[in-house]
Amino acid sequence: MGVRRTHGTDLAYFLGDLDGLEDVALGEVDWRVFYQLIEKGVPVSSAARMLGRVGAAAFEKCVISRSTLRSKARSARLSAFHSERALRVARVFARATEVFGDRSRAVIWLTRANHTLDGAAPADLLRNEAGGR
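Take the sequence shown: its position 48, counted from the start at 1, is 48 in the UniProt record's numbering, and no numbers get skipped.
Right under this line is the structure:
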């Protein structure tokens with residue numbers, strides 16, 4: 001029998017193994033947790049892991065450039081602006097993982113050009129909240 005993953009497990013994974021999100025259920029999301037995470041800022045170390053998991057192209061388009069990320073101290077945190085973007089990307093990637101049943105298939109779908117989106121990849125739309133919905 002395989003390990004049962006929750007939406008929160010995938011959310012924590014795509015946010016670079018961020019603690020405190022593993023048990024978040026899809027229908028029971030407590031937005032106060034997300035608000036606090038955004039205000040506190042996603043750790044740069046988590047953002048660096050996230051870059052490797054969602055792919056550099058999607059990460060740079062939607063969250064922050066690699067050069068800016070590298071210039072920050074490993075112990076630093078992203079700004080609220082960039083943390084909100086990171087959370088949006090992780091939330092959509094976690095939902096896609098639920099739909100496709102596999103993280104790698106979700107990443108492929110989200111980063112591949114889609115004719116129904118006029119040739120854009122779904123991840124290209126994640127720069128703002130409207131695109132994330």
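Virtual Cβ for every residue (Gly too), placed ideally from N, Cα, C.
Owing to the predicted nature of the structure, the values given are computational and were not obtained by experimental measurement.
Remark: three or more beta-carbon pairs, one from each stretch, lie closer than 8 Å, so the segment 39-58 and the segment 103-113 are flagged as touching. Of the candidates 90, 88, 15 and 11, 15 places its Cα closest to the Cα of residue 49. The alpha carbon of residue 67 has as its nearest neighbour, out of 44, 54 and 53, the alpha carbon of 44. Boundaries of the alpha helix (DSSP H) harbouring residue 131: 129-132, taken from the DSSP string. In this structure residue 102 is exposed. Its beta-carbon is surrounded by fewer than 16 other beta-carbon atoms within 10 angstroms. In the structure shown, residue 95 adopts helical secondary structure according to DSSP, grouped into three states. Taken through DSSP and simplified to helix, strand or coil, residue 66 comes out as helix.
Contact check for residue 37 against residue 87 passes: the beta carbons are separated by less than 9 Å.
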